[in-house]
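Engineer: Residues 56 to 342 in my numbering are what the sequence shown lists, from first letter to last. The beta-carbon is built from N, C-alpha and C at its ideal position, and this holds for glycine as well. None of the values given here were measured: they were computed from a predicted structure. Before we start, here is the structure in question, set down as structure tokens.
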Amino acid sequence: MRRTRRVCPPLTFALVLSLGVGWTVPLHAQWTRGQPGKLWVKTAFFLQKTDERFAESGERTQWLDMGESDARALYTDVIVGIHPNVDLWVQIPFFDLRFNRDFDPRRTTGFGDIRGWVRWKVADLFDGSTPVAVRVGAKAPVGSSPLDAEIIPVGDGQWDVEGFGEIGHSFWPFPAYAELWVGYRARFANNEKLKDPGGEYVFLAEAGVNPTPGTLLKATVDGFWGRNWIVERITTGTKRRILQLQFGGGVQFPRPLWMEVAVRVPASGRNFPAGPQFVFALSAELN
56 MRRTRRVCPP LTFALVLSLG VGWTVPLHAQ WTRGQPGKLW VKTAFFLQKT DERFAESGER
116 TQWLDMGESD ARALYTDVIV GIHPNVDLWV QIPFFDLRFN RDFDPRRTTG FGDIRGWVRW
176 KVADLFDGST PVAVRVGAKA PVGSSPLDAE IIPVGDGQWD VEGFGEIGHS FWPFPAYAEL
236 WVGYRARFAN NEKLKDPGGE YVFLAEAGVN PTPGTLLKAT VDGFWGRNWI VERITTGTKR
296 RILQLQFGGG VQFPRPLWME VAVRVPASGR NFPAGPQFVF ALSAELN
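Dropping the structure here:
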């Protein structure tokens, strides 16, 4: 019989993960790059500053010690075509994480864990307007994740393996699209910290429209639901989850550069910062 207990996740752990779900989502991701060597690059800056968090109960509350989370991240995504129906995708994050309070403020900067995926477009339904793809990948624990609980980590400290199903639809000749991702992330145990963070069910739904050529408006709903953590071989009552709404827009100027701005608003969660995130991004398709 497994024992169940409740633990309070470290504030520093939540700081990293507040932006760790800030995917820099590619436009029409399940439409692969189309030819070998074709390149797509995006750099996105995330900013979140808040004195509120989602507690274990899911209620909004203030940080302990009347603190304030001040988290910033720069995500760089590179996608390269290796076949008309196959992409390689790498994501590299850089974090500047701070926890401000009247006494003992903390700050950590550095590269976070690197993610990589292979995406295969398995079908083109309805004369190519509805592509279907599968994507598999892993997260390598290259970001610093010290044992010292007083230091803010920039990495999780363990490997992840994940798989997604993706489907999209173009409403052409009406200039609009929609897409849906559904997946599962298996998060391996961190034996050094005697912690198994459990797997997560992940989803993303997005719809967008081009009001005029070279402009974009889009809305996104994304989130995940995690399983209970196992700490020191004991199943705890602690898990993490987040549901976020994102509204943004972009303009293509000059070609082939896209500039985007967006705001992500947390609707509900557990063990996560509760404030909005502001996103500024640049992307371009090359070759």
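1. Can you have a look at residue 322 and say buried or exposed, based on whether 16 or more other CB atoms are within 10 angstroms of its CB?
2. Per DSSP, which residues does residue 137 bridge with? Please list them.
3. Can you tell me whether residue 251 is helix, strand or coil according to DSSP?
4. How should residue 302 be labelled, buried or exposed, when 16 other C-beta atoms within 10 angstroms of its C-beta is the threshold for buried?
5. To the nearest angstrom, how far is the alpha carbon of residue 342 from that of residue 106?
6. Alpha carbon to alpha carbon, how far is residue 176 from residue 136? Give it in angstroms, no decimals.
7. By the 10 Å Cβ neighbour count, where 16 or more other Cβ atoms means buried, how is residue 146 classified, buried or exposed?
8. In terms of residues, what are the limits of the beta strand (DSSP E) holding residue 168?
9. Between the C-alpha atoms of residue 328 and residue 274, what's the straight-line distance to the nearest angstrom?
10. Quick one, are the C-beta atoms of residue 155 and residue 114 less than 7 Å apart?
11. Ignore the nearest five residues each way along the sequence and tell me which others in residue 254's own chain have a CB closer than 8 Å to its CB.
Structural biologist: Quick answer:
1. exposed
2. Within the DSSP bridge table, the entry for residue 137 names no partner.
3. strand
4. exposed
5. Looking at the backbone, the Cα of residue 342 and that of residue 106 are separated by about 44 Å.
6. 12 Å
7. The residue is buried, with at least 16 neighbouring Cβ atoms inside 10 Å.
8. In this chain, residue 168 is not harboured by any beta strand (DSSP E), its DSSP state being neither H nor E.
9. 21 Å
10. no
11. Hits under 8 Å: 239, 240, 241, 242, 281, 282.
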